[in-house]
Amino acid sequence: MDGFVIQDYVYRAKNVDTGDFIQFNEEKCDGCGMCNSVCMANLWAVPKNNKTRLSPKYRELCLECAACYAVCNQDAIDFSYPKGGSGIIIKYG
Amino acid sequence: MEKFDVAIVGGGPGGSYAAKTAAEKGLKTIFFERAEVPGNKNASGCGLGQRWWRDFPEMMEKITQLPSYREINRCSFIITDVDDRHITTIQTGRNSLPEKRIVYKGQNRGWTGASIYRSDLDKLLADTACSAGAELRTSTLINDLIMENGAVKGVVTDSGERIKADVVIGADGAHSAVAIKSGIRKRWKKNEVTLVPQIDFSCNESKMDDVIGNAEWVWFGPYCGAYQVNFRDGFHLGAGQWLDVWDGKPVDLLKQVMKIPLFQSMCRSIDAKIREFQIHLLPWMPEPGSKTYGNGVLLIGDAGGFPCPLEGEGVWHACWTAQLAIETAANAIGKGDVSEKSLSVYEKLWKESPVGKEFEYGHEYVNFWRNSAFNPEFMKKIVVLLGQLQAFNGPSLVFDWSDDHMTTFNEHLGYLLDVLADPEIKEFGSKYLAPMGRGISRENMEKIADMIVPSIASKIKVLPQSLIKKMFMKQYGKNKVSLQGRLSN
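Here the protein sequences come in this chain order: V and H. Each number in our numbering comes from the position in the first sequence (counting from 1) with 8 added on. Each number in our numbering comes from the position in the second sequence (counting from 1) with 27 added on.
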């Protein structure tokens, strides 16, 4: 179990467009890094002395927990869910 | 534009149970699920407590027939130390007392809970709602509401379709668009919501029967804790933490458990293999959200902040609040008044229900967890203490019975006194045990004293009840911590 990689154990609807469901407002971001620390999919990069960045591939990688939205003190992250029928499929929840 | 009496956002247990109840009352009902199939977006423990047999027995009968069902009648708490060595296991569960508090069809169900995958449970509940006459729209995300003069008048789907309804029920989980778009509340504060990563393992069913049986497991150690919910042929390993106290990646907790040799040997013995990773937000707070109703709208289940403040159980609470919300909505629609004032009856109803009872000691429960299993310092100390006490259970050099009995008994007594007099244990009491008591509010202090004092007195017959109560109140009664701000400490 040492080499456990999360994305190897996540299932997704195929060929269904998720739409854009995370809106990130760079102007509001203060670079605190909380989004990065809670995100299990590593979608938030917070390079030192640089602006926080949302992965351009987030639509294919997001686990839909909404934790980034819940921890952002600056209201810089808006999270709705992927379009109906798209995104992750939880088989054994 | 099509118009309904009730539009329910969310096809989880709360949404489906609300839809079933509404349809049975003859209300024109629609409910929406963003997944292609109900249950395909949901992860939880998922254990159903014994109270299901009391409150939803017909549903429980169907649940026991589902493929992933495992009957649960006990829990094992497995304690390991800083070196991941197994220290002791504490078992709770069925006893031989004749007491029967929940009886269904002549059988005592007071010890019988259930583990069930949400993919099974949610589908069953949604099917039941559809059979009752509710309309289900799957693959439909509701991310906006029809608002008129501050009142909710319906929902807007992700394809832009507008659907009107007299009352909208928000059953859309921790991150509820209904709660936020209706203006009832903003997002949860970080100390009101936990993040729960969870790993599903596939297992060999008959080996699970032999090794695990009808038990849930809980792993406790200096790393804090993780639950293991056991299904027919798989299990969930999960752990949560409030968002205001995250100090790292939450999945690290689970990786810690997966390194424990006893966990690995258990996995080998039941052919356990990692099958799926899931993560979800779970509201966990001393009392439900500041408001659970608005103009033309009601919040149920996780959307309203209803999971149990002691153990985070939420499906039972979702189904209960679903029933009460529909009762409120049906009366309001009948009167032709779905205003905020008219729907405020809902709050009164849930406060008087068994759900309200759960929150009577909400501050105490949440305070207990924050100061114990969720506090790594506490967990480091408690395993040392349990390790010392555990020496009484098994063979050890000190208690090997090679001396005469009186000498051995004396050694036992001396060891116990040493343990109790140990400065580390004293410090443990004042620094780590006392804060759990400090969460008790002034108004609950007397009530708790009245509840626990007679049970202590029945075991220690030499001390009069009045004296025990005096000692209890002396320890905790002077506490003047206000209700407000207790969580912010």
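For each residue, glycine too, the CB sits at the ideal point set by N, CA and C.
- By the C-beta density criterion, Ile97 of chain V is buried, having at least 16 other C-beta atoms within 10 angstroms.
- Closest option to Ser95 of chain H, judged by alpha-carbon separation, among H:Asp227, H:Met478 and H:Gly456: H:Asp227.
- With at least 16 other beta carbons inside 10 angstroms of its own, Ser209 of chain H counts as buried.
- The beta-carbon distance between Asn471 of chain H and Glu391 of chain H, rounded to whole angstroms, is 6 angstroms. This is short enough to meet the 8 angstroms contact definition.
- Relative to the Cα of Arg136 of chain H, the nearest Cα in the group H:Asn170, H:Leu412, H:Asp82 and H:Gly41 belongs to H:Asp82.
- Look at Leu69 of chain V: its C-beta is not under 8 angstroms from any C-beta on chain H.
- For Ser229 of chain H, the enclosing beta strand (DSSP E) begins and ends at Val220 to Ser229.
- If you look at Glu175 of chain H, you'll find it in the beta strand (DSSP E) that goes Ile169 to Glu175.
- When only Cα atoms are considered, Asn257 of chain H and Met463 of chain H end up about 30 angstroms apart.
- In the DSSP assignment, Ala34 of chain H falls outside any alpha helix (DSSP H) and lies within the beta strand (DSSP E) extending over Lys30 to Val36.
- For His344 of chain H, not one C-beta of chain V is nearer than 8 angstroms to its own C-beta.
- For the beta strand (DSSP E) assignment, the uninterrupted runs of no fewer than 3 residues enclosed by the stretch 227-307 of chain H are, from N- to C-terminal side, 242-248, 251-257 and 261-265.
- Residue-level contact check: Ala21 of chain V touches chain H, since one or more beta carbons of chain H fall below 8 angstroms from its beta carbon.
- Considering only beta carbons, the part of the stretch 65-90 of chain V lying closer than 8 angstroms to chain H consists of Leu71, Glu72, Cys73, Ala74, Ala75, Tyr77, Ala78, Val79, Phe87, Ser88, Tyr89 and Pro90, in chain order.
- One Cα belongs to Leu163 of chain H, the other to Asp83 of chain V, and the distance between them is close to 34 angstroms.
- Gly361 of chain H and Gly197 of chain H have their C-alpha atoms spaced approximately 20 angstroms apart.
- For Gly92 of chain V, the chain H residues whose C-beta falls within less than 7 angstroms of its own C-beta are Arg61, Ser166, Thr167, Leu168 and Asp185, listed in chain order.
- Counting every other CB atom within 10 Å of its CB across the protein chains shown gives Ser233 of chain H a total below 16, marking it as exposed.
- At a cut-off of 8 angstroms, the C-beta of Arg302 of chain H has a neighbouring C-beta in chain V.
- The closest CA to that of Phe32 of chain V, considering only V:Gly101, V:Lys91, V:Cys76 and V:Pro90, is found on V:Cys76.
- Put simply, of H:Glu88, H:Ala330, H:Asp445 and H:Glu338 the residue whose alpha carbon is nearest the alpha carbon of Ala352 of chain H is H:Ala330.
- Counting only residues of its own chain and dropping the five nearest sequence neighbours on each side, Ser103 of chain H has a CB closer than 6 angstroms to the CB of Thr116, Gln118, Ala242 and Trp244.
- Approximately 15 angstroms separates the beta-carbon atoms of Gly101 of chain V and Ala21 of chain V; this is outside 8 angstroms, ruling out the contact.
- With distances taken between CA atoms, Val36 of chain H lies nearest to H:Ala206 out of H:Lys216, H:Ala359, H:Lys474 and H:Ala206.
- Taking every protein chain shown into account, the CB of Ala49 of chain H has 16 or more other CB atoms within 10 angstroms, so this residue is buried.
- Only buried fits Pro249 of chain H, as 16 or more other CB atoms lie within 10 angstroms of its CB.
- Here DSSP, grouped into helix, strand and coil, assigns Lys47 of chain H to helix.
- Secondary structure at Ile30 of chain V: strand, using DSSP grouped into helix, strand and coil.
- The residues Gly265, Gly267, His307 and Leu309, in chain order, have a CB closer than 6 angstroms to that of Val223 of chain H in the same chain once the five nearest residues on each side in sequence are set aside.
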